[in-house]
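Novice: Pasting a structure below so you can have a look.
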Amino acid sequence: MNISNRSWAEPYKIKMVEPLKMTTRAERQAAIAEAGYNTFLLKSEDVYIDLLTDSGCGAMSDRQWAGMMAGDEAYAGSANYYHMRDTVEEYYSYKHTVPTHQGRGAENILSQILISQGDYVPGNMYFTTTRLHQELAGATFVDIIIDEAHDPASMHPFKGNVDLAKLDALVADVGVEKIPYVCVATCVNMAGGQPISMANLRALRSWCDKHKVRLVHDMTRVAENAYFIQSREEGYGDKSIREIVYELCSLTDAATMSSKKDALVNIGGFLAMNDAELYEKACNLVVVYEGLHTYGGMAGRDMEALAVGITESVKDDHIRARVGQVEYLGEKLKAMGVPIVNPIGGHAIFLDARAILPNIPQDHFPAQALSAALYVDAGVRSMERGVISAGRNKDTGENFMPKLELVRLTLPRRVYTQAHMDVVAESVCQVMIRADEISGLKFAYEPEYLRFFRARFAPIER
Ligand SMILES: *Cc1c(COP(=O)(O)O)cnc(C)c1O
């Protein structure tokens with residue numbers, strides 16, 4: 011027996027279970043038609059393995075649940091707020107914290123404070139809610155991620171990196187005074203959960219210092235980014251995830267956080283910063299949109315669970331198992347010949363819908379169609395990340411046609427087992443074998459904002 015390549019297993023055991031409903035293919039066909047071929051509109055109870063998102067659907071630990079019982083639900087000055095604020099400073103370096111109901115609450119406040127009509131906000135690829143808040147505040151988003159990020163076959167180890175030449179070109183084009191801040195995301199969601207290197211972030215920091223432009227951090231997946239730095243970047247192999255996370259945050263001026271991702275809670279977020287003046291402005295606005303500056307839309311118990319979640323999220327064994335499960339699923343799919351975005355990212359596997367459905371043109375929404383077909387096969391829920399998510403150009407009304415037309419299989423943290431991953435991989439493979447039975451889709455209803463959430467579709471007759 012050869013045991014040189016030893017298995018790893020999750021660094022936790024299961025204390026409580028949530029039984030899942032098993033459905034038939036006919037039931038799933040009816041359910042997806044009822045949902046307008048949009049997996050966001052399926053009922054959760056009709057889903058077997060839910061890989062729609064890693065947002066707010068992770069499993070909390072017994073310590074976090076114990077923290078829920080210690081909720082101080084005072085309207086003002088909750089003890090849990092101070093605990094959360096101190097934890098943010100201790101682990102993430104930012105001095106001031108404004109809680110928000112989730113990440114987009116923080117994005118709204120920050121965009122309103124910093125952006126003026128006609129500004130440009132550069133970022134390492136867009137995120138749906140982030141870009142929308144920038145646009146609603148009057149700015150135009152400019153993508154400054156390296157070109158490799160748009161190529162699903164490129165094996166670049168840090169596809170989240172910023173191309174400083176693109177920033178220089180933007181300055182030459184519009185002038186530095188039109189750029190209120192640079193928005194840098196760690197482990198870029200829309201690029202496939204791809205990390206930025208510490209060296210690149212440091213260079214970006216210098217660029218921002220030189221041009222006197224603020225650097226804002228979308229730190230939703232900062233711990234996963236730290237894991238890739240630890241495993242890929244020279245000089246970081248011996249540093250702990252906690253140290254790397256702290257260093258990443260210290261290189262930036264302010265941050266928006268959706269704590270529903272890395273920080274292991276079901277709801278919540280915050281806006282954090284070092285600048286006292288910015289903090290004062292954020293406190294003024296948070297009372298308008300979220301709640302008092304010491305709760306900002308969160309219950310005391312949720313702030314407590316978040317404080318504990320932050321400490322768990324930067325543990326090396328946790329993050330290794332978290333990203334390890336994503337790698338396990340990705341490697342299994344690759345071995346079966348399924349085309350996915352490379353290298354495998356930190357929170358999800360992205361199927362290349364163009365390669366799987368070469369006969370469906372992009373304006374017939376191949377990723378949306380693939381996601382619906384995947385649900386019908388075995389009850390696995392995924393989401394579209396392609397032309398539907400990209401939306402329309404706010405000036406011309408034309409569909410953005412992103413190079414990446416993907417289906418995202420996103421793993422919630424600490425929820426599913428390796429056996430679930432095997433079921434998912436086999437289902438994807440089965441759908442791919444029968445790809446020529448899948449029809450393209452057309453809109454039956456298109457909402458004005460963030461259309462991917464609530465759009466409805468109908469199959470295109472063949
Ligand atoms: C989820 C997410 C957001 C928005 O956060 P919500 O909590 O969903 O409002 C912002 N940026 C990134 C990268 C995200 O993944």
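Residue 11 is where the sequence shown starts when you use our numbering, and the numbers rise one by one after that.
All C-beta atoms, glycine included, are put in the ideal place defined by N, C-alpha and C.
Let me check one thing: in DSSP terms, what residues is Val152 bridge-paired to?
Specialist: Pro132
Novice: Cβ of Gln144 within 7 Å of any heavy atom in ligand 1?
Specialist: no
Novice: Evaluate His221 with the Cβ neighbour count: other Cβ atoms within 10 Å of its Cβ, from every protein chain shown; 16 or more gives buried, anything less gives exposed.
Specialist: exposed
Novice: Are the beta-carbon atoms belonging to Glu337 and Gln372 less than 8 Å from one another?
Specialist: no
Novice: Enumerate, from N- to C-terminal direction, the unbroken beta strand (DSSP E) stretches of 3 or more residues contained entirely within the stretch 272–349.
Specialist: 279–283
Novice: Please give the ranges of any alpha helix (DSSP H) in the stretch 197–237, keeping only runs that are unbroken, at least 4 residues long and fully inside the region.
Specialist: 208–221
Novice: Less than 8 Å between the beta carbons of His227 and Ala265, yes or no?
Specialist: yes
Novice: Does the contact criterion of 3 or more C-beta pairs under 8 Å hold for the stretch 428–448 versus the stretch 341–351?
Specialist: Yes, the stretch 428–448 touches the stretch 341–351.
Novice: CB Phe375 to CB Gly450, shorter than 8 Å?
Specialist: yes
Novice: Nearest CA to the CA of Pro353: which residue from Ala45, Arg73, Glu37 and His166?
Specialist: For Pro353, the nearest C-alpha among the options comes from His166.
Novice: Count the other CB atoms, across all protein chains shown, that sit within 10 Å of the CB of Gly355; report buried if there are 16 or more and exposed otherwise.
Specialist: buried
Novice: Which residues are close to ligand 1, meaning CB closer than 6 Å to any heavy atom, in chain order?
Specialist: Ordered along the chain, the selected set is Ser65, Gln112, Gly113, Arg114, Phe137, Thr139, Thr140, Ala195, Asn199, Asp228, Thr230, Ser268, Lys270, Lys271 and Gly279.
Novice: Any contact of the stretch 207–216 with the stretch 240–250, i.e. 3+ C-beta pairs under 8 Å?
Specialist: yes
Novice: Would you give the residue range spanned by the alpha helix (DSSP H) that Arg418 belongs to?
Specialist: First-last for Arg418: Leu416 to Thr420, but that is the beta strand (DSSP E), not the alpha helix (DSSP H).
Novice: What residue from Ala382, Ala358, His357 and Gly347 has the CA that sits closest to Ala365's CA?
Specialist: Gly347
Novice: For Gly407, is the classification buried or exposed, using 16 other Cβ atoms within 10 angstroms of its Cβ as the cut-off for buried?
Specialist: exposed
Novice: If you compare alpha carbons, which of Arg212, Leu180 and Ala159 is closest to Gly203?
Specialist: Ala159
Novice: Please tell me whether Glu257 and Ile329 are closer than 8 Å, where the distance is taken between their beta carbons.
Specialist: no
Novice: Buried or exposed: which applies to Lys413, given that a residue is buried once 16 or more other Cβ atoms fall within 10 Å of its Cβ?
Specialist: exposed
Novice: So, for Asp312: in the same chain, excluding its five sequence neighbours on each side, which residues have a beta-carbon less than 7 Å away from its beta-carbon?
Specialist: Within the same chain, Asp312 has close Cβ partners Val275, Ile277 and Gly278.
Novice: Mapping the DSSP letters down to three states, classify Met267 as helix, strand or coil.
Specialist: Under the three-state reduction of DSSP output, Met267 falls in the strand class.
Novice: Less than 8 Å separating the beta-carbons of Thr110 and Ser381?
Specialist: Between Thr110 and Ser381, the gap from beta carbon to beta carbon reaches 8 Å or more.
Novice: Am I right that Leu261 and Leu211 are in contact with their C-beta atoms under 8 Å? What's the rounded C-beta distance?
Specialist: Rounded, the Cβ-Cβ distance is 5 Å, consistent with contact.
Novice: What are the start and end residues of each continuous beta strand (DSSP E) run of 3 or more residues lying completely inside the stretch 365–425, in chain order?
Specialist: 393–395 and 416–420
Novice: Restricting to Cα atoms, I'd like to know which of Ile398, Gln122, Gly334 and Leu419 is closest to Pro21.
Specialist: Gly334
Novice: Taking contact to mean at least 3 C-beta pairs separated by less than 8 Å, is the stretch 147–161 in contact with the stretch 115–133?
Specialist: yes
Novice: Work out the CA separation of Met135 and Ala201 for me, nearest whole Å.
Specialist: Roughly 7 Å between the two C-alpha positions.
Novice: Please state whether DSSP places Thr63 in a helix, a strand or coil.
Specialist: Note: Thr63 maps to coil in three-state DSSP.
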